[in-house]
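Residue numbers (the working numbering): 2 to 186. Note that beta-carbon positions come from the ideal geometry of N, C-alpha and C, so glycine has one too. Reading through the structure tokens given below for one structure.
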């Protein structure tokens, strides 16, 4: 019985540690787009929703990104198409491009994010200079038009998603529940 409780406690501790580990993104200064670069109005079932601010640097956000609890990718060959196809693979509601090389996918957009002038999202995509891929702390946002979530653009930091961190926390709570049941028995 002691071994079972110890094993459950170990699983709980390991899952909580895994839930708190987050990778630190590397930011490379991109170039601005050529004057002929434009944001696509639609791409692969996603519609352009405008340029929105990043939120991880704002007070009261806890460092959360405008598109958090989802998936992300960053590379020097980023294009609008590669980002949207990446987000569509995970059936994410929103696809966002930033710094010309970063792609973020999420089910909800932070309520702290606000619409910016489209000119703030003037960085060319590293993989296609004729496409726009956000800007410095500015996200070229695309909204999935098929199977839309009700949270919409004014969604919440606390809604949906979860990703790997949410799954690890869920396992941690499940382990705690099993530990409590074992203690009662």
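- For residue 59, no alpha helix (DSSP H) encloses it, and the DSSP letter there is neither H nor E.
- Apart from the 5 residues on each side of it in sequence, residue 97 sits with its Cβ closer than 6 Å to the Cβ of 68, 105, 140, 142 in its chain, given in chain order.
- Of the residues assessed, residue 102 falls on the buried side of the cut-off, its CB having 16 or more other CB atoms within 10 angstroms.
- For residue 88, the uninterrupted alpha helix (DSSP H) segment begins and ends at 81 to 90.
- Comparing alpha-carbon positions, the option among 80, 82, 117, 78 lying closest to residue 137 turns out to be 117.
- Under the DSSP assignment, residue 73 falls in the beta strand (DSSP E) whose first and last residues are 72 to 75.
- Remark: fewer than three beta-carbon pairs, one from each stretch, lie closer than 8 Å, so the region 53 to 61 and the region 72 to 80 are not flagged as touching.
- Classified as exposed, residue 146 has fewer than 16 neighbouring CB atoms from the shown chains inside 10 Å of its CB.
- DSSP, reduced to helix, strand and coil, places residue 102 outside both helices and strands of the structure shown, so it counts as coil.
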